[in-house]
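Residue numbers (the working numbering): 74 to 358. Beta carbons are placed, not taken as given, at the ideal position from N, Cα and C, and that holds for glycine. Structure, as structure tokens:
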């Protein structure tokens, strides 16, 4: 399918991937070169996993998961397949985020540092909890054919809004944590004297901000939205057909993952409703 403004989309997509990848590389360079490396022994080396995993999972992978539906090369793929990829990427980001929290709490507990006292920690933990809830609700409501179509239609705008809200909150939390870490760690020379590490980490923060802005722009352009699947022709058990009864939204949200018998039963019920309505109209004429 043709996409309006394809070249612009491609340019922004490449830019987002480049900036996101650079954000991950900058984070690794920061902890390996300036923060003495990585480890899992309760020391600061274990804490360094926190920024690496957060930027990799909660920023970069989450951003890709948000725009995966916008890739025009996937429009020929089934909606169920894209839902699975979308959920899978978010699941990977969730796992990395949880491991990053374990690293922080383990480091704090080893050195008797108080937990959950800063605004960064409050918002960060809230974002993780909301992210996990978003993942499970999306899995059981939109991926599995369990929830009724009416519920899916009502919750879809909330699901989209919540995803963007959580992503924006994660970006803000990362920037807060980055600044907090630099203020606590840089003493000689101090952070306010613009030492090389401070400049490098500030650049990392700008990259993360730009990545978030690019993702937001891509996902909010209506001309780059995945086209709705056209109204399908639902076959009846007697070989007939019922056309134009199910809306595109209902097909998008409800048909994936259902068996042929379930689809045929739904179509038969709709056909009876149409016949009943026509009979009612004739009786009133």
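Output needed for residue i: all residues of its chain with C-beta closer than 6 Å, excluding positions within five of it in sequence on either side, in chain order.
i	result
residue 156	216
residue 197	246
residue 220	214
Under 8 Å between the Cβ atoms of residue i and residue j?
i	j	result
residue 224	residue 214	yes
residue 148	residue 300	yes
residue 239	residue 203	yes
residue 244	residue 280	no
residue 117	residue 180	yes
residue 137	residue 154	no
Nearest CA to the CA of residue i: which residue from the options?
i	options	result
residue 130	147, 173, 120 and 152	173
residue 211	123, 139, 115 and 190	139
residue 127	257, 270, 79 and 201	201
residue 178	203, 119 and 145	119
residue 83	114, 121, 146 and 96	146
residue 287	78, 79 and 86	86
residue 159	260, 171 and 143	143
residue 125	218, 267 and 170	170
Roughly how many whole angstroms lie between the Cα atoms of residue i and residue j?
i	j	result
residue 314	residue 135	The predicted position of residue 314 is uncertain, since its pLDDT is 36 and thus under 50; no value can be drawn from it.
residue 133	residue 276	16 Å
residue 185	residue 164	31 Å
residue 208	residue 141	16 Å
residue 321	residue 183	Here residue 321 scores only 37 on pLDDT, less than 50, and its place in the model should not be relied on; the value that follows carries that caveat. So the two alpha carbons sit approximately 55 Å from each other.
residue 88	residue 189	36 Å
residue 233	residue 187	35 Å
residue 101	residue 236	26 Å
residue 191	residue 122	19 Å
residue 358	residue 150	Legend: pLDDT at residue 358 = 41, less than 50; position of this residue unreliable, no value from coordinates given.
residue 96	residue 289	17 Å
residue 262	residue 111	23 Å
So, at 7 Å on beta carbons, what are the nonlocal neighbours of residue i in its own chain, with the 5 sequence-adjacent residues on each side left out?
i	result
residue 274	103, 251 and 255
residue 350	With a pLDDT of 44 at residue 350, under the threshold of 50, the modelled position of that residue is not reliable, and the figure given next carries that caveat. Counting only Cβ-Cβ distances below 7 Å, and skipping sequence neighbours, we find nothing.
residue 363	Only positions 74 to 358 of the chain appear in the structure, and residue 363 is not among them; the question remains open.
residue 91	none
Near residue i, which residues of its chain fall below 8 Å by C-beta distance, leaving aside the five closest residues on each side in sequence?
i	result
residue 76	82, 145, 296 and 297
residue 241	285 and 289
Touching or not, the stretch 287-296 and the stretch 105-118, by the rule of three or more beta carbon pairs under 8 Å? No, because fewer than three Cβ pairs between the stretch 287-296 and the stretch 105-118 fall closer than 8 Å, the two stretches do not touch.
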